Amino acid sequence: MRDSIYYLWINNRLRVIITMVVIVSWSVLGLENISPIFFDEGLSHLFGEGNLIRSPDDRSVRLLLDKYTGSGFISSSMYNHGFFSSLIKLPGAYTAGIVVAFYTSNGDVFVKNHDELDIEFLGNVEGKPWRFQTNMYGNGSTNRGREERYRLWFDPSKEFHRYSILWNPTKIIFWVDDVPIREVKRKEEMKGDYPQKPMSLYATIWDASSWATSGGKFAVDYTFSPFVSEFKDITLDGCNVSNSISTVSGDNNYSYINCSISDQLLMTSDYSTINPKQAAAMRRFRERYMYYSYCYDTIRYVVPPPECVIVKAEKDRFKDTGRLKFGGSHPKVHRARRRRRKNRSMPADQ
11 MRDSIYYLWI NNRLRVIITM VVIVSWSVLG LENISPIFFD EGLSHLFGEG NLIRSPDDRS
71 VRLLLDKYTG SGFISSSMYN HGFFSSLIKL PGAYTAGIVV AFYTSNGDVF VKNHDELDIE
131 FLGNVEGKPW RFQTNMYGNG STNRGREERY RLWFDPSKEF HRYSILWNPT KIIFWVDDVP
191 IREVKRKEEM KGDYPQKPMS LYATIWDASS WATSGGKFAV DYTFSPFVSE FKDITLDGCN
251 VSNSISTVSG DNNYSYINCS ISDQLLMTSD YSTINPKQAA AMRRFRERYM YYSYCYDTIR
311 YVVPPPECVI VKAEKDRFKD TGRLKFGGSH PKVHRARRRR RKNRSMPADQ
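For the sequence shown, our numbering assigns the number 11 to the initial residue and increments by one for each residue that follows.
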């Protein structure tokens with residue numbers, strides 16, 4: 011009897027601790043007032059029907075890739091600005107050729123002049139880490155890609171981490187957990203290259219053997235399939251404008267909806283503001299884990315695009331191609347990593 015009471019007490023304590031951890035992880039980005047949605051509340055199946063598996067509580071979804079098809083989902087509505095976030099866990103072992111994407115786009119509505127904001131995870135051969143990239147397109151500016159590529163400071167296949175995209179009228183911020191990894195401030199000179207039209211949220215897993223790993227050198231090996239990516243606690247917060255979208259005429263026009271209240275909330279929320287501690291974490295992340303930036307690719311862009319903020323410490327690390335001079339990262343970073351190998355932590359704590 012005494013043992014039963016003790017185990018009950020332990021279980022209750024564990025529940026409290028787990029709840030507190032969840033609350034803290036959400037409150038760091040100011041998400042305590044935003045509830046994750048049920049799948050049926052705001053998401054729809056996109057493709058690969060048999061490879062999309064929803065949890066019994068409808069709070070999470072698994073996307074599978076096998077030799078027959080990948081899979082994906084899409085938000086049921088389009089949003090004119092918003093905050094899009096999910097806890098994500100990636101496949102493990104051999105993942106070369108695979109892309110897992112979490113992104114916003116309107117390419118199915120504005121076919122010739124679409125907007126897009128990407129977080130794309132790029133698989134690797136077994137024993138090599140996942141890498142990922144962020145990108146931005148506005149008004150069909152696909153010939154002016156704005157890619158940045160990075161490594162992570164953790165194994166994204168071992169546990170869930172939160173990945174988020176903030177898009178408001180003045181800025182875009184990409185987040186990993188509570189670390190802002192990239193900020194794009196809107197400049198007048200960008201004109202239509204800054205995304206301005208309503209977008210949907212997408213999540214997909216697919217075969218990108220032609221380019222995803224070492225430029226296509228390593229393809230997907232389906233003897234390791236199915237490859238499973240998991241998404242949970244998905245958040246959609248923004249101005250829903252789906253009722254204003256019209257594609258019947260073929261003009262891809264949409265009626266104006268006043269999103270001023272939603273935009274104001276998006277511009278004043280915690281996740282749209284980078285505090286000094288987060289700014290330091292972003293600087294450290296970019297120093298240690300970014301290995302390509304279009305802003306330093308002077309072969310591609312003789313004059314950096316207008317939104318680029320050239321940081322001398324970053325510029326000195328990159329070749330004219332926008333890639334690192336030192337193969338992996340700066341030598342000082344390698345020495346620091348060796349010292350920390352047994353206790354790797356997030357950039358904010360390093």
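Where is the CB? At the ideal position from N, CA and C, for every residue including glycine.
Computed from a predicted model, the values in this text were never measured in an experiment.
Cβ separation of residue i and residue j, assumed to be a contact under 8 Å, to the nearest whole Å
{"i": "Glu158", "j": "Arg196", "result": "That belief does not hold up - the Cβ atoms of Glu158 and Arg196 are roughly 17 Å apart, past 8 Å."}
{"i": "Ser219", "j": "Phe94", "result": "Not really, about 27 Å apart at Cβ, beyond 8 Å."}
{"i": "Gly82", "j": "Ala222", "result": "About 16 Å separates the two Cβ atoms, so there is no contact after all."}
{"i": "Trp140", "j": "Tyr299", "result": "Incorrect: roughly 12 Å between the Cβ atoms, too far for contact."}
{"i": "Ile98", "j": "Leu56", "result": "With a Cβ gap of about 16 Å, Ile98 and Leu56 do not count as contacting."}
{"i": "Ile108", "j": "Phe237", "result": "6 Å"}
{"i": "His171", "j": "Asp187", "result": "6 Å"}
{"i": "Leu246", "j": "Gly92", "result": "7 Å"}
{"i": "Leu53", "j": "Ser86", "result": "6 Å"}
{"i": "Lys325", "j": "Tyr306", "result": "6 Å"}
{"i": "Phe142", "j": "Tyr113", "result": "About 12 Å separates the two Cβ atoms, so there is no contact after all."}
{"i": "Gly248", "j": "Ser272", "result": "6 Å"}
{"i": "Thr144", "j": "Asp118", "result": "Their Cβ separation, rounded to whole angstroms, is 21 Å, which puts Thr144 and Asp118 out of contact at 8 Å."}
{"i": "Arg333", "j": "Tyr304", "result": "The pair is not a contact, with the Cβ atoms about 11 Å apart (cut-off 8 Å)."}
{"i": "Phe295", "j": "Tyr104", "result": "Actually they are not in contact, since the Cβ atoms of Phe295 and Tyr104 sit about 27 Å apart, beyond 8 Å."}
Where residue i sits in the DSSP three-state scheme
{"i": "Val111", "result": "According to the sequence shown, residue 111 is Ala rather than Val. Ala111: strand per DSSP, three-state reduction."}
{"i": "Gly225", "result": "helix"}
{"i": "Gly248", "result": "strand"}
{"i": "Gly332", "result": "strand"}
{"i": "Tyr104", "result": "coil"}
{"i": "Phe120", "result": "coil"}
{"i": "Asp231", "result": "coil"}
{"i": "Phe48", "result": "coil"}
{"i": "Pro236", "result": "coil"}
{"i": "Ser219", "result": "coil"}
Sub-8 Å separation of residue i and residue j beta-carbons
{"i": "Ser115", "j": "Glu126", "result": "yes"}
{"i": "Gly155", "j": "Lys122", "result": "no"}
{"i": "Met209", "j": "Met292", "result": "no"}
{"i": "Ser282", "j": "Lys207", "result": "no"}
{"i": "Tyr204", "j": "Gly137", "result": "no"}
{"i": "Ala290", "j": "Ala106", "result": "no"}
{"i": "Asn61", "j": "Thr79", "result": "yes"}
{"i": "Leu75", "j": "Ile244", "result": "no"}
{"i": "Glu297", "j": "Val194", "result": "no"}
{"i": "Ser224", "j": "Val110", "result": "no"}
{"i": "Leu100", "j": "Ser167", "result": "yes"}
{"i": "Asp50", "j": "Asp68", "result": "yes"}
{"i": "Ser375", "j": "Phe241", "result": "The structure shown does not extend to residue 375, since the chain is modelled only from 11 through 360, so no value can be given for it."}
{"i": "Pro179", "j": "Ile284", "result": "no"}
{"i": "Tyr4", "j": "Lys77", "result": "With the chain covering only 11 through 360, there is no way to say anything about residue 4."}
Residues bridged to residue i [DSSP beta-bridge criterion]
{"i": "Val71", "result": "Arg64 and Phe241"}
{"i": "Phe83", "result": "His55 and Ala213"}
{"i": "Leu97", "result": "Arg172 and Lys242"}
{"i": "Tyr78", "result": "The partner list for Tyr78 (beta bridge, DSSP) is empty, contrary to what the question assumes."}
{"i": "Tyr89", "result": "Met209 and Asn250"}
At 3 residues or longer, what runs of the beta strand (DSSP E) sit wholly inside the segment 122-205? Unbroken beta strand (DSSP E) stretches of 3 residues or longer found wholly inside the segment 122-205: 126-132, 141-147, 158-161, 171-177, 181-186 and 189-195, given in chain order.
Please go through the segment 261-327 and give each complete alpha helix (DSSP H) segment of 4 or more residues, from N-terminal end onward. Positions of the alpha helix (DSSP H) runs, each at least 4 residues long and wholly inside the segment 261-327, are given as 270-278, 286-299 and 322-325 in order along the chain.
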